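So the structure is just underneath, and the comments pick up after that.
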Amino acid sequence: MTPRTGTARERAGTLPAWHLPASSKLDLGIVTFRNVPTPVEARAAWSLLHSPKLGASFGRVLAGFLAALGAASGCGMSTSLGALAGDLASNWGRVSIRSRA
């Protein structure tokens, strides 16, 4: 964690300077606050980011993707091996070995 800089009074002044433009969605032309969250919304997102539920949710999503990848790989291998087996079976009687004398 990085150390905080400035006094408590200086840090307390930044919250209203952040909250007022963000809550009113201030648009100054080049600088806009349409997509900037308010401090309350940012605090809620920060607490969600450090929630143990988030790790469990990502684990479930990752497990689902891995299962889908495994199923797709299995289907692809079975299709290609089935086609290979069909080609080998259809050409089995036509293969002849000629020896050079």
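For the sequence shown, position 30 matches number 30 in my numbering, and the numbering has no gaps at all.
Built from N, CA and C at the ideal position, the CB exists for glycine as well.
Predicted, not measured: the structure shown is a model, and the values here were computed from it.
- Separation of residue 14 and residue 40 (C-alpha to C-alpha, rounded to the nearest whole angstrom) is 14 Å.
- Inclusion of residue 19 and residue 38 in the CB contact set at 8 Å is warranted, their separation being smaller than that value.
- Collapsing the DSSP output to three states places residue 38 in coil.
- Residue state for residue 7 is assigned as coil, using DSSP reduced to three classes.
- Annotation: residue 81 to residue 67 spans about 21 Å, alpha carbon to alpha carbon.
- Taken atom to atom, the span from the alpha-carbon of residue 84 to that of residue 71 is near 20 Å.
- Taken atom to atom, the span from the alpha-carbon of residue 7 to that of residue 42 is near 22 Å.
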